[in-house]
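Student: For the sequence shown, position 35 (counting from the first letter as 1) is numbered 34 according to numbering that gives the first Met the number 0, and the numbering increases by one without interruption.
Right, I'll just put the structure down here and ask away after.
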Amino acid sequence: MQILSAEGYVPADYDVAVWSLIQTATDAGIVVIMAAGNGGSNLDRGVFSEYRNRGDNGGIIVGAGLPSSTHRRMLTSTYGSLVDVQSWGMLVVSCGYGDWRQFGSDINQAYTQFSGTSSASAVVAGVAALVQEHAKNIRGGYLTPLEMQNLLIASG
Numbered sequence: 000m001q002i003l004s005a006e007g008y009v010p011a012d013y014d015v016a017v018w019s020l021i022q023t024a025t026d027a028g029i030v031v032i033m034a035a036g037n038g039g040s041n042l043d044r045g046v047f048s049e050y051r052n053r054g055d056n057g058g059i060i061v062g063a064g065l066p067s068s069t070h071r072r073m074l075t076s077t078y079g080s081l082v083d084v085q086s087w088g089m090l091v092v093s094c095g096y097g098d099w100r101q102f103g104s105d106i107n108q109a110y111t112q113f114s115g116t117s118s119a120s121a122v123v124a125g126v127a128a129l130v131q132e133h134a135k136n137i138r139g140g141y142l143t144p145l146e147m148q149n150l151l152i153a154s155g
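Okay, here's the thing in structure tokens:
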């Protein structure tokens, strides 16, 4: 989820109430993955100083990058020091409406393509879910939100 600020689309936790809810969730051990937003906004600009000064609520903010070897930021992706990681912001296909491709008349073989920070954050959420399953199998418990955030940042 992203919200529209005066500066463009930004992470949902730009809203103070959402920021607090995410902190409550992460304090309770819930990993929160959120889209940076497709506003192309630089969160390091002065207009976002109040947002930055709140500190880290534990949520993992995901920007959108190009699906190439350069991994450059997509121009539409909001960015800055608050953005933790990035993932593919285009050419992501998922089950869905069939607006990308459907095989035969079987709705169970319908696929949609989506992009921007919506696809990027979904990819990272999928990775986080797989990492949690592995952690539970190996350690007997899940990673904390901070452990997940640090692992994702360290590994790209």
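Note that the Cβ used here is the ideal one computed from N, Cα and C, for glycine as well.
1) When the Cα atoms are used, what is the spatial distance from Ser-154 to Ala-119?
2) Decide if Leu-129 is buried, meaning its Cβ has at least 16 other Cβ atoms within 10 Å, or exposed.
3) Got a sec, what are the start and stop residues for the alpha helix (DSSP H) Tyr-141 sits in?
4) As an exercise, report each continuous beta strand (DSSP E) stretch of at least 3 residues that is fully enclosed by the stretch 25-112, in chain order.
5) Could you compute how far the alpha carbon of Gln-85 sits from the alpha carbon of Gly-64?
6) Going straight from the alpha carbon of Leu-151 to that of Ser-68, what length do you get?
7) Taking the CB atoms as reference points, tell me whether Ser-114 and Thr-77 lie closer together than 8 Å.
Tutor: Short version:
1) 15 Å
2) exposed
3) Run containing Tyr-141: none; DSSP gives neither H nor E here.
4) 32-34, 59-64, 84-87, 91-94
5) 6 Å
6) 19 Å
7) no
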